[in-house]
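Q: The sequence shown runs 104 to 519 under our numbering. All C-beta atoms, glycine included, are put in the ideal place defined by N, C-alpha and C.
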Amino acid sequence: MLKQIIPSKVCLSCDVCCRFIDKSAALAPLFLPNEITPKIKPYLDKSGRVTLKPFKDIHACPFFNTKKNKCSIYSKRPLDCRLYPFAIMFDEKREKIIMGIDKKCPFSVNAGNQALIKNYFHYLADLLEKKETASRIAINPSFIGNFQDDVSQFSYLDTLTKLLVNNPEKNGFRQISLKDKAAFDNFFKKIECPDSSQNFVNLFIWKEKNPVWWKKNGEGLEILIETDSGYIDFNSLKKFPDYIYLREALAGLKGNKYKHKRAGCNYFSKNYKFQYLPYRQNMKNDCLKLFIKWASARKQKFPDPYYHELLEDSFSAHKLAIKNFKALGLAGRVIKIRNKIAAYTFGFELTKDMFCVLLEVCDLKFKGIAEFIFREFCGELTNYKYINTMDDSGLENLRLSKLSYHTFLSRNRNFS
Ligand code: SF4
Ligand code: SF4
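Here it is as structure tokens:
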């Protein structure tokens, strides 16, 4: 139910509403699907808009009682009528949806009522911007009228604009799925030095946090990332630099600068009875259990709320990666201690000479396990010159951890 601001007695003595000069008036009321009853339906066209009837030398809504000068279905009148004199319509360029007020309403243009109108406008805007209300309106795009000069504009309705104007589905985009991998691989392989985000695996595993929409555009792809603030062109996304290392350095851990990493590996291999194994699909649930344990330990150690959020979002990314590891072309390794998964790591070929380590999770009660699994994994990747451990998401703890391996390069999208 909408609050009404114009007193009934004002409306009952006014001759503007419910009457229209033009038979196909843009402001003729439109009923949303949930507002249509069997009694009302015969008076509507296919889009739910009323078919106006001749009245004197103009036209009137079929529900308008011309003798009593009032609506005959007042309690069942549609949202469109309840909103009046406010109107929702496209802006002149049809790029945004706006809310305005019809200058034909004498009450609304009266200078003495402006404070009331302004307050009511805020109330309406808040209501229409709610996702639930906007989604209900978006089901019927005809609800949004064309731009009209005699409606003064008040504000943009961003949620409706996002749903109706920028809706990628309307513009031929579709959501990413596993069967799209070949199309993305072909597209990204044309990039000479891609960063870790420029590949199917990373887009796919984060799709629950940020849905990915795409369509073909000639030889290329147009990719949109859905975020809380709307759809963003993939190419204009800000990206932190990747950390890139020489694989041989990580596999050998030689010299003074790696002495602490070496010590960690030595401690682990001397003090624990373990198995270092290729990942198998029957290990999926144990890996995810380990993730939960690991994430909870990380949250206790690092209080940064952004990092906590990242860990929470990471669960679905790890789940999608592990569940689809074969279809995504991932390589995976685990460490088992006393027959339980104590660490896992996954990665993929980013370019012919660079391997990207995508995930690494360890039970940190086993001292040196993180250093050990990383060194072993890098030791196996003899086909690659470089190891890319992706970016640090702007987090200090990740930055320090990645720098502790002494980067060969820390650059983004211009690696040469
Ligand atoms: S034009 Fe304004 S004052 Fe007149 S009936 Fe409609 S809402 Fe009421
Ligand atoms: S439904 Fe009622 S309020 Fe709406 S235009 Fe018709 S008569 Fe007027």
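Could you tell me which residues DSSP puts in a beta bridge with residue 162?
A: Position 59 of the sequence shown, counted from the start, is the residue given in the question as residue 162. DSSP output for residue 162 lists 123 and 157 as bridge partner(s).
Q: DSSP on residue 453, reduced to helix/strand/coil?
A: Here the question's residue 453 lines up with position 350 in the sequence shown. Three-state DSSP puts residue 453 in a strand.
Q: Check this for me: beta carbons of residue 77 and residue 453, under 8 Å apart or not?
A: Residue 77 is absent from the structure shown; the chain starts at 104 and stops at 519.
Q: Measuring CB to CB, does residue 260 end up less than 8 Å from residue 335?
A: For the purposes of this step, residue 260 is taken as the residue at position 157 of the sequence shown. For the purposes of this step, residue 335 is taken as the residue at position 232 of the sequence shown. The answer is no: Cβ separation not under 8 Å.
Q: Run through DSSP, which three-state label would residue 497 get?
A: Taking the sequence shown and counting its residues from 1, the one referred to as residue 497 is at position 394. Reduced to three states, the DSSP call for residue 497 is coil.
Q: For residue 401, report the span of its beta strand (DSSP E) as first-last.
A: Translated into the one-based positions of the sequence shown, residue 401 becomes position 298. No beta strand (DSSP E) holds residue 401; the alpha helix (DSSP H) holding it covers 387-404.
Q: Should residue 182 go down as buried or exposed, given a rule of 16 or more other Cβ atoms within 10 Å for buried?
A: The residue given as residue 182 occupies position 79 in the sequence shown. Classification for residue 182: buried.
Q: For residue 226, decide whether its Cβ has a neighbour in chain B, counting only Cβ atoms nearer than 8 Å.
A: Although the question refers to chain B, the structure presented lacks it and comprises just one protein chain.
Q: Could you tell me the boundaries of the alpha helix (DSSP H) in which residue 364 lies?
A: Translated into positions along the sequence shown, residue 364 becomes position 261. 362-374 is the span of the alpha helix (DSSP H), which, as asked, contains residue 364.
Q: Based on DSSP bridge pairs, tell me the residues matched to residue 326.
A: As a first step, residue 326 is located in the sequence shown; it is residue number 223 there, counting from the start. Paired residue(s): 317.
Q: With residue 75 as the anchor, note down where its beta strand (DSSP E) starts and where it stops.
A: Here the chain covers residues 104 to 519 and nothing more, so residue 75 does not appear.
Q: Give the C-beta separation of residue 428 and residue 449 to the nearest angstrom, bearing in mind that I take them to be a contact with Cβ-Cβ under 8 Å.
A: Taking the sequence shown and counting its residues from 1, one reaches residue 428 at position 325. Taking the sequence shown and counting its residues from 1, one reaches residue 449 at position 346. That belief holds up - the Cβ atoms of residue 428 and residue 449 are roughly 6 Å apart, short of 8 Å.
Q: Excluding the 5 residues flanking residue 206 on each side, which residues of the same chain have their C-beta closer than 8 Å to its C-beta?
A: As a position in the sequence shown, residue 206 is number 103, starting the count at 1. Excluding residues within five positions, the ones whose Cβ falls inside 8 Å are 212, 253, 254 and 255.
Q: Within the continuous alpha helix (DSSP H) that includes residue 475, where are the two ends?
A: For this step, residue 475 is matched to residue 372 along the sequence shown. Looking at the DSSP string, the run of the alpha helix (DSSP H) that includes residue 475 is 472-483.
Q: Buried or exposed: where does residue 363 fall if 16 or more other Cβ atoms within 10 Å of its Cβ makes it buried?
A: The residue given as residue 363 occupies position 260 in the sequence shown. Per the 10 Å Cβ criterion, exposed.
Q: CB-CB under 8 Å to residue 517, same chain, minus the five flanking residues each way: which ones, in chain order?
A: Numbered from its first residue, the sequence shown carries residue 517 at position 414. Confidence at residue 517 is low in this model, with a pLDDT of 40, below 50, so its placement is unreliable and the value that follows should be read with caution. Closer than 8 Å at Cβ, skipping near neighbours: 296.
Q: Go ahead and label residue 472 buried or exposed: buried means 16 or more other beta carbons lie within 10 angstroms of its beta carbon, across all protein chains shown.
A: Here residue 472 is taken as the residue at index 369 of the sequence shown, counted from 1. Flag for residue 472 reads buried.
Q: Is the beta carbon of residue 188 within less than 7 Å of some heavy atom of ligand 2?
A: To locate residue 188, count along the sequence shown from 1; it is residue 85. Outside the cutoff, so no.
Q: Should residue 208 be counted as a contact of ligand 2 given a C-beta to heavy atom distance under 7 Å?
A: For the purposes of this step, residue 208 is taken as residue 105 along the sequence shown, with counting starting at 1. Not under cutoff, so the answer is no.
Q: Among the residues of its own chain, which have a CB less than 6 Å from the CB of residue 440, if the five just before and after it don't count?
A: Here residue 440 refers to the residue found at position 337 of the sequence shown. Cβ within range, chain order: 375 and 377.
Q: Out of 118, 371 and 124, which has the shortest C-alpha to C-alpha gap to residue 475?
A: On the sequence shown, residue 475 is found 372 positions in, with the first residue counted as 1. Residue 371 is the option with its Cα nearest to residue 475.
Q: State the start and end residues of the unbroken alpha helix (DSSP H) segment that holds residue 304.
A: As a working note, residue 304 is residue 201 in the sequence shown. From DSSP, the alpha helix (DSSP H) with residue 304 extends over 303-308.
Q: Along the chain, where does the beta strand (DSSP E) that runs through residue 239 open and close?
A: By one-based count along the sequence shown, residue 239 stands at place 136. Premise fails: residue 239 lies in the alpha helix (DSSP H), 234-241, not in any beta strand (DSSP E).
Q: Provide the residue(s) that pair with residue 143 in DSSP beta bridges, ordered along the chain.
A: As a first step, residue 143 is located in the sequence shown; it is residue number 40 there, counting from the start. Residue 143 is not bridged to any residue.
Q: Which residues have their C-beta within less than 6 Å of a heavy atom of ligand 2, listed in chain order?
A: That query returns the following residues: 120, 121, 132, 164, 166, 167, 174, 176, 180 and 184.
Q: For residue 176, which residues in the same chain have their Cβ closer than 6 Å to its Cβ, ignoring the five residues on either side in sequence?
A: The residue given as residue 176 occupies position 73 in the sequence shown. Answer for residue 176: 166, listed in chain order.
Q: Go ahead and pull the three-state DSSP assignment for residue 274.
A: For the purposes of this step, residue 274 is taken as residue 171 along the sequence shown, with counting starting at 1. In the structure shown, residue 274 sits in a helix (DSSP, three-state: H, G or I).
Q: Is the Cβ-Cβ distance between residue 249 and residue 131 less than 8 Å?
A: For the purposes of this step, residue 249 is taken as residue 146 along the sequence shown, with counting starting at 1. For the purposes of this step, residue 131 is taken as residue 28 along the sequence shown, with counting starting at 1. Their beta carbons are not under 8 Å apart, which means residue 249 does not touch residue 131 by this criterion.
Q: Find out if the Cβ-Cβ distance for the pair residue 288, residue 303 is shorter than 8 Å.
A: Residue 288 sits at position 185 when you count from the first residue of the sequence shown. Residue 303 sits at position 200 when you count from the first residue of the sequence shown. Contact flag set, yes.
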